[in-house]
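Taking it in order: structure first as structure tokens, then the write-up.
In my numbering, the protein residues as written are 53 to 323.
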């Protein structure tokens, strides 16, 4: 009998194969996300020039795929192999890792509620940093455009935040055709238009404030995000509670399987 797994059939097959099947989905999904991240980096030439990872002034959305995919791959691997091979070390690693993630999520939620004003300031800083880097990365550009279209907003607290970008600022020395404008994602949508007018934001901030609202969404993304959270509080809370219960369920199942395996080994040792 080896030190880390037992080949008997006394361990609950239901728990064992449920953990295996549940985690193989996360394993495959994690590999898919990492693969998408690597593909996106290869398209941007990052893999041929690793130093370019740090060149961006803002967030590279590919990092989200890489980090989430990497965590899911590690958890899925530990859960799958641990359950299939009845390896208590991998199962304990799986449950501890999942417990740490749950604790971090809980801590983040509490701190976000207690320090909501600080979080608001950091969100403002985060958006403005990414506004500066809007033209530096196509993935970042698409992320900002999606955010502004989805929440019908423009900038962190208003359209004038686009003065932070060298292509959109209103300075006299700016030679860009986009001077004193905003990205097309800030524009109000006409349901009759089938084709997006990517030049709809040109020169719009040169107009009086009272006229700008006829062409663009003048509300900032930070207050719009706060409004969205308030309007969808039940949905957001339900998602977080569902994820938390799923994590707790996974931890309990893994611990039960570990207890079963250790009990079987103990009984075999004494017999």
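For glycine and all other residues, C-beta sits at the position ideal for the given N, C-alpha and C.
Please read all numbers here as calculations on a predicted model, not as lab measurements.
Within the chosen definition, does the segment 193-206 reach the segment 259-276 through at least 3 CB pairs nearer than 8 Å? yes
Can you grab the Cα-Cα spacing for the pair residue 237 / residue 261, in whole Å? 18 Å
DSSP beta-bridge partners of residue 126: Under the DSSP definition of a beta bridge, residue 126 lacks any partner.
Alpha-carbon to alpha-carbon, residue 137 and residue 122: 22 Å
Note down the Cα distance separating residue 154 from residue 191, rounded to an integer number of angstroms. Approximately 29 Å between the Cα atoms of the pair.
Hey, does residue 249 have any beta-carbon neighbour from chain D nearer than 8 Å? No chain D appears in the structure shown, which is made up of a single protein chain.
Taking one C-beta from the segment 129-143 and one from the segment 305-322 each time, how about it: are there three or more such pairs within less than 8 Å? yes
Would residue 229 be called buried (16 or more neighbouring beta carbons within 10 Å of its own) or exposed? exposed
Cα-Cα separation, residue 290 to residue 167: If you take the alpha carbons of residue 290 and residue 167, they lie about 22 Å apart.
By Cβ distance, which residues of its chain are closer than 7 Å to residue 71, with the 5 residues on each side in sequence left out? 131, 135, 305, 306 and 309
Tell me the DSSP secondary structure of residue 268 in three-state form. strand
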